[in-house]
Amino acid sequence: MLFNSLHFVVFFLIVTPLYFILPHKFRWIMLLIASCYFYMTFIPIYILILIFTIIVDYFAGIWIEKSEGRERKFYLIISLVANIGVLAFFKYFNFLNENLTLLMSQFGLSNAVPYLKFILPVGLSFHTFQAMSYTIEVYRGNQAAERHFGIYSLYVMFYPQLVAGPIERPQNLLHQFYEKHPLTYENFSIGFKMILWGFFQKLVVADRLSIFVSAVYQNPGAYSSSMLLVAILFFAFQIYADFAGYSNIALGTARIMGFKLMTNFNTPFFSTSVTEYWRRWHISLNTWFSDYLFTPLMIANRDWGKAAVILALMVTFGLSGLWHGAGWTYIMYGLLHGVAVSYEFLTKKFRKKLSKAIPPIIYNNVSMLLVFTYVCLTWVFFRAQSWGDAIMVLKRLFAFQGKFFVFDNNLGVIIYSLMAIAILLVHDLSVHLNHGKSYFLYHKSAAVRMATYCFILVTIVLIGVFDGGQFIYFKF
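The numbers in numbering that gives the first Met the number 0 rise by one with no breaks, and the one at position 423 of the sequence shown is 422.
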C-alpha cells in the first residue's frame, strides 16, 4: 500500500480512530492485523517471509537471554544467519550468480546454476535490519527478550515504518506498545504537520523532479552536458524529498497515535562535511551500521591505529552501498563515500586549522557547496541503470557536449522543478536555523501557520504529481 494513494487515506482514516476507540489491551491486536493487511496489499504470499523471521528471532531472543557463554552466541548466529540468509537469497542471489558466471567464463567454465525470477519483497532490507537489531541488543544485554509474541511481531511489522523505515531499535519502540496513548492535541498537531510536509516532499518535489530525471537517465547519451547536469542536480533533491517524505509521513502517522519514531533526516544538504552529511542523512541506517559493523570492526582491529579506522570505514560504506542494491554501481556509490569520510578523518587537524584561518561564513558555505557537489556526483552511480551509463554520464558531463545553456523543450518542466526545490530549500533552511523545527509550520502566530498549511495544500493541488508511483526506497 502506497502512502500516496487513496487506498492509504481510507486505511488511515479507519485504523487511526479505531486505535483510540478500542480499549488499550486490544490495540496491539488491531495494529498487528492492520499492519499485516498493509503489507499484504503488495504481494500477499511474502508475509510468510516475515512470519518465518519473526518466529526465529522471537525464540532466539528468549534462548539468548536464558543461555550463557558460547550457547548465547550460537543462538545469535542462528538468528543472524536466518535473517541474512533470507535477505541474501531474495536480494543478492542473482547478483552473486551473475558474477560467478562471469568469473567462471574467464577460465572457460560454464555456470549451471539458473537465474531466479521473482519480485524482491518490498522493504526487505528495512525489516531485516530491524529484526537483527533486536537479537543483537538482547545478546549485548541492552534489551530484555520480549515474551509477548504478538508485541514482538508488531515491533517488526508496525505499518508506518515497515517497508521503508526508519529502522528502529527495540529500546525505542517495544516499550511503546505497552504504553497507553491518549489522543492529544500535541501529538495530532505534530503528526499532521509531518504528514502534510511529507506529502509536499513526495508529490510536489520528488515526483515532479522524477519526470525529468527518469527521461534523462533512460537514455543519457541523447542529452547535452547541461541537461545531464540538471538531471544530476534534480536527482539529489528527488531522492531526498522522496525518502524524507516517506519518513515524515511514517513519523506523522505514528505520532498521531502517540508513537515516537526516530528522526531519519536532518537537513542533510546543509552539511559542511561528508561525515556530517551521514549524521544527517538516513540516520537510522547510518547508526545501525555504526553500532553493529563499524564499531565492532574498530574494536577487533584497534591495534592497527589509523589503518583500522580506514578499513572499518571502507568496509562499512561498501556494504552500505550494497545494502541499497545488488549491483557494482551501488557498491561504488558506497565506496566513494567511504573514501570521502576517510579523507576527512585523515585531514581533520589540517581542516580545523584551515577553518580558523578563513572567515567562518566563507569556509562553511564553500564546504557546504563542495560536499553537495560531491554527493551529487556519487548519486550518478546510484541512479544510473548500469555501470556503462554511469561512466557515460560523467564523461559527457565533463566533456561539455552540446550548447551548455540550451534546455530543448524541457524549460517548463525545469522551471516548475526549480520552484519546488526553492520551496523545499526555504523550508529546510528554516529548520536548520530554527533548532530543528520549521519556522513556518511551528510559528507562534496561528495566522502564519494557517497560511502555511493553505500554501502547501494549494501547491500540492497545482504542482503535485498524483501518479508518481511508489517511493524509491521501497525496492530496497
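We treat Cβ as the ideally placed atom computed from N, Cα and C, and that holds for glycine. No experiment lies behind these values; they were computed from the predicted model shown.
{"query": "Whose C-beta lies closer than 7 Å to the C-beta of Val-308 among residues of the same chain, with five residues either side of it excluded?", "result": "Met-297, Phe-344"}
{"query": "Rounded to whole angstroms, what is the Cα-Cα separation between Phe-94 and Val-447?", "result": "52 Å"}
{"query": "First and last residue of the alpha helix (DSSP H) that includes Pro-165?", "result": "Looking at the DSSP string, Pro-165 is not in any alpha helix (DSSP H), and its letter there is neither H nor E."}
{"query": "Taking a contact to mean a Cβ-Cβ separation below 9 Å, would you say Asn-141 touches Gln-170 in this structure?", "result": "yes"}
{"query": "What residues in its chain sit with their C-beta under 6 Å from that of Ala-325, if we drop five residues either side in the sequence?", "result": "Lys-90, Tyr-91, Phe-94"}
{"query": "Run the CB neighbour count on Val-273, radius 10 Å, all protein chains shown included, and call it buried at 16 or more, exposed below.", "result": "buried"}
{"query": "Report the CB separation of Ile-63 from Val-137 in whole angstroms; it is logged as a contact under 8 Å.", "result": "5 Å"}
{"query": "With a threshold of 9 Å between beta carbons, is Tyr-291 in contact with chain D?", "result": "Considering every chain present, this structure includes no chain D. It has just one protein chain."}
{"query": "Let me make sure I understand the geometry here. Which of Ile-76, Leu-47, Val-365 has the alpha-carbon closest to that of Ile-135?", "result": "Ile-76"}
{"query": "Mind checking Gly-149: buried by the 16 CB within 10 Å criterion, or exposed?", "result": "exposed"}
{"query": "Leaving out five residues before and five after Asp-388 in sequence, what residues of the same chain have Cβ atoms less than 6 Å from its Cβ?", "result": "Pro-219"}
{"query": "For the alpha helix (DSSP H) that Arg-207 lies in, which residues bound it at each end?", "result": "206 to 217"}
{"query": "One question on the structure: do Val-204 and Ala-249 come within less than 9 Å of each other, judged by their Cβ atoms?", "result": "no"}
{"query": "What separation, rounded to the nearest whole angstrom, lies between the Cα atoms of Val-215 and Leu-227?", "result": "7 Å"}
{"query": "May I have the straight-line CA-CA distance separating Tyr-373 from Leu-21, to the nearest angstrom?", "result": "51 Å"}
{"query": "Just to confirm my understanding: we take Thr-266, look at its own chain, exclude 5 residues before and 5 after, and list those with CB closer than 6 Å. What are they?", "result": "Asp-427, Val-430, His-431"}
{"query": "So within the region 219 to 300, which uninterrupted alpha helix (DSSP H) runs reach at least 4 residues, ignoring any that extend past its ends?", "result": "224 to 255, 273 to 279, 282 to 288, 294 to 299"}
{"query": "Excluding the five sequence neighbours on either side, which residues of its own chain have a C-beta within less than 8 Å of the C-beta of Met-103, listed in chain order?", "result": "Ser-109, Asn-110"}
{"query": "To the nearest angstrom, how far is it from the Cα of Ser-124 to the Cα of Ile-46?", "result": "14 Å"}
{"query": "Spell out a yes or no on whether the region 324 to 341 and the region 374 to 393 are touching, meaning 3 or more CB-CB pairs, one atom from each, closer than 8 Å.", "result": "yes"}
{"query": "Between Gly-463 and the rest of its own chain, which residues show a CB-CB distance below 6 Å, the 5 nearest in sequence each way excluded?", "result": "Leu-202, Val-203"}
{"query": "For Phe-397, which of helix, strand or coil comes out of DSSP?", "result": "helix"}
{"query": "Could you tell me whether any non-hydrogen atom of the ligand PLP is closer than 8 Å to the CB of Ile-32?", "result": "Annotation note on the ligand PLP: not contained in the displayed structure, which lists no ligands."}
{"query": "Could you pull out every unbroken beta strand (DSSP E) segment of at least 3 residues lying fully inside the region 69 to 116, listed in chain order?", "result": "none"}
{"query": "Could you tell me whether the Cβ atoms of His-180 and Gly-257 are closer together than 9 Å?", "result": "yes"}
{"query": "Starting from Phe-25, trace the alpha helix (DSSP H) in both directions and tell me its first and last residue.", "result": "23 to 39"}
{"query": "Cβ of Tyr-415 within 9 Å of Cβ of Arg-207?", "result": "yes"}
{"query": "Which residues in the same chain as His-23 place their Cβ atom closer than 8 Å to its Cβ, once the five residues preceding and following it in sequence are excluded?", "result": "Lys-179"}
{"query": "Where does Ile-118 sit, in a helix, a strand or coil, going by DSSP?", "result": "coil"}
{"query": "Tell me which residues share the same chain as Leu-232 and place their Cβ nearer than 8 Å to its Cβ, disregarding the 5 neighbours each side in the sequence.", "result": "Cys-375"}
{"query": "Are the beta-carbon atoms of Arg-168 and Met-261 separated by less than 9 Å?", "result": "yes"}
{"query": "Just to confirm the assignment, what range does the alpha helix (DSSP H) spanning Phe-415 have?", "result": "The question names Phe, but residue 415 in the sequence shown is Tyr. Taken as a continuous stretch (DSSP letters only), the alpha helix (DSSP H) holding Tyr-415 covers 410 to 432."}
{"query": "Of the residues Pro-120, Ala-253, Tyr-158, Gly-68, which one's Cα is nearest the Cα of Ile-194?", "result": "Ala-253"}
{"query": "Where do the ends of the alpha helix (DSSP H) carrying Met-156 lie?", "result": "148 to 156"}
{"query": "Going by DSSP, what residue range makes up the alpha helix (DSSP H) through Ala-356?", "result": "347 to 356"}
{"query": "Does DSSP put Asn-363 in a helix, a strand or coil?", "result": "helix"}
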